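Numbering (my numbering), first residue to last: 344 to 558. We put the CB at the ideal spot given by N, CA and C, even for glycine. All values reported here derive from a predicted model rather than from experimental measurement. These notes are about the structure you will find just below.
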Amino acid sequence: MIRTYPFLVGVTGGLGSGKSTVCRFLAEMGCKLFEADTIAKELQLIDPDVIKGVKALFGENIYSIDRTGQLALDRKTVASIVFSSPEKLQALNGLIHPKVFREFNKAILEAAKDGTKMLVKEAAILFESGKNKDLDVVVVVIADIEQRIERAVLKGIGSREEIQQRIARQWPQEKLIEKADYVLVNTGSQDALKKETESLYIKLLQAACSVCNHV
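Here is the structure:
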């Protein structure tokens, strides 16, 4: 039987690990990229059912109209609420994740049509959501905790204390490593990370060929 869909790679990692940078490098090398977290954010602004659900969870005032006349979501308030309320977080994920999964299935079909050999899915909570089971392999990007905090603070994600609290609520890196097919250590420069990603890409190509040959 000939495999008609691309090799599916998941890339995940904790806050500040550098997973987005790794995915950008993989895209530059020819992989098609599906950014689950970006899609989730877009759905909160364009999908009527999601918008209705978000308002029900956080109140009508969680949305506003920005200067350009576009719908805007107070993401900082949402983040503050869900990271102190597991129930709200679970409800929000339950609202959005099924729709993100449908979008990913669409991306797989589109990739199959255009002949894409490898589709990379970037997601912050890949194992936690159980969606790793739908992928061929999963790459976990890790870094020292202090580096992760510094990177997140520099990106303006939050204060040092807020970042520490968010990291504390995520799966520990040790747990991610146990479930990973490949682990990429991001403790050096951008150039070093790119070289590591290039080596990873070769391994992924080999794995993809192996899967295709055994289907």
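Taking 7 Å as the threshold (beta carbon to beta carbon), is T355 in contact with chain B? Given the protein chain composition of this structure (a single chain), no chain B is represented.
Would L438 pass as a contact of G473 if the rule is Cβ separation under 7 Å? Walking along the sequence shown from the start, residue 438 turns up at place 95. Walking along the sequence shown from the start, residue 473 turns up at place 130. No.
Could you please give the first and the last residue of the uninterrupted beta strand (DSSP E) stretch that includes S407? Your numbering for residue 407 matches position 64 in the sequence shown. Here the beta strand (DSSP E) through S407 covers Y406 to I408.
Supposed contact pair G356 and L519 - C-beta distance, whole angstroms, cut 8 Å: In the sequence shown, the residue the question calls residue 519 occupies position 176. In the sequence shown, the residue the question calls residue 356 occupies position 13. Going by Cβ atoms, the distance from L519 to G356 rounds to 7 Å, so yes, they are a contact pair.
What is the DSSP secondary structure of K375, reduced to helix, strand or coil? Locating residue 375 in the sequence shown gives position 32, where the first residue counts as 1. Reduced to three states, the DSSP call for K375 is strand.
Rounded C-alpha distance that separates K362 from E465: Your numbering for residue 362 matches position 19 in the sequence shown. Your numbering for residue 465 matches position 122 in the sequence shown. Each residue's Cα considered, the two are about 7 Å apart.
Can you check whether the CB of A450 is closer than 7 Å to the CB of F350? In the sequence shown, residue 350 corresponds to position 7, counting from 1. In the sequence shown, residue 450 corresponds to position 107, counting from 1. No, the Cβ-Cβ distance between F350 and A450 is not below 7 Å.
Going by beta-carbon coordinates alone, are V352 and V526 separated by less than 7 Å? In the sequence shown, residue 352 corresponds to position 9, counting from 1. In the sequence shown, residue 526 corresponds to position 183, counting from 1. By the CB criterion at 7 Å, V352 and V526 fall outside the cutoff.
Under a three-way DSSP split, which group does G353 fall into? Within the sequence shown, residue 353 is the residue found at index 10, counting from 1. Note: G353 maps to strand in three-state DSSP.
Short of 7 Å in beta carbon distance, which residues of its chain neighbour T347, apart from the five on each side in sequence? Order them along the chain. Along the sequence shown, read from residue 1 onward, the residue named residue 347 stands at position 4. Only A455 meet the Cβ criterion.
Contact belief for E446 with I389 at Cβ below 8 Å, rounded distance in angstroms: What you label residue 446 is simply residue 103 of the sequence shown in a count that begins at 1. What you label residue 389 is simply residue 46 of the sequence shown in a count that begins at 1. At roughly 11 Å, the Cβ-Cβ gap does not stay under 8 Å, so E446 and I389 are not in contact.
Just curious, the alpha helix (DSSP H) that L358 is in, first and last residue? Along the sequence shown, read from residue 1 onward, the residue named residue 358 stands at position 15. No alpha helix (DSSP H) contains L358, which DSSP labels as neither H nor E.
To which residues of the same chain is I424 closer than 6 Å at the C-beta, ignoring the five residues directly before and after it? Your numbering for residue 424 matches position 81 in the sequence shown. Same-chain partners within the cutoff: K431.
When DSSP builds the beta bridges, which residues end up paired with Y525? Translated into the one-based positions of the sequence shown, residue 525 becomes position 182. According to DSSP, Y525 bridges with V482.
Whole-Å CB distance - T530 paired with D487, under 8 Å assumed: Sequence index remark: in the sequence shown, residue 530 carries index 187 (1-based). Sequence index remark: in the sequence shown, residue 487 carries index 144 (1-based). That belief holds up - the Cβ atoms of T530 and D487 are roughly 6 Å apart, short of 8 Å.
Closer than 6 Å: S472 CB and nearest the ligand ZN heavy atom: This structure lacks the ligand ZN, and indeed carries no ligand of any kind.
What ranges does the beta strand (DSSP E) occupy inside the segment 428 to 495, keeping only unbroken runs of at least 3 residues that lie completely in it? 461 to 465 and 480 to 485
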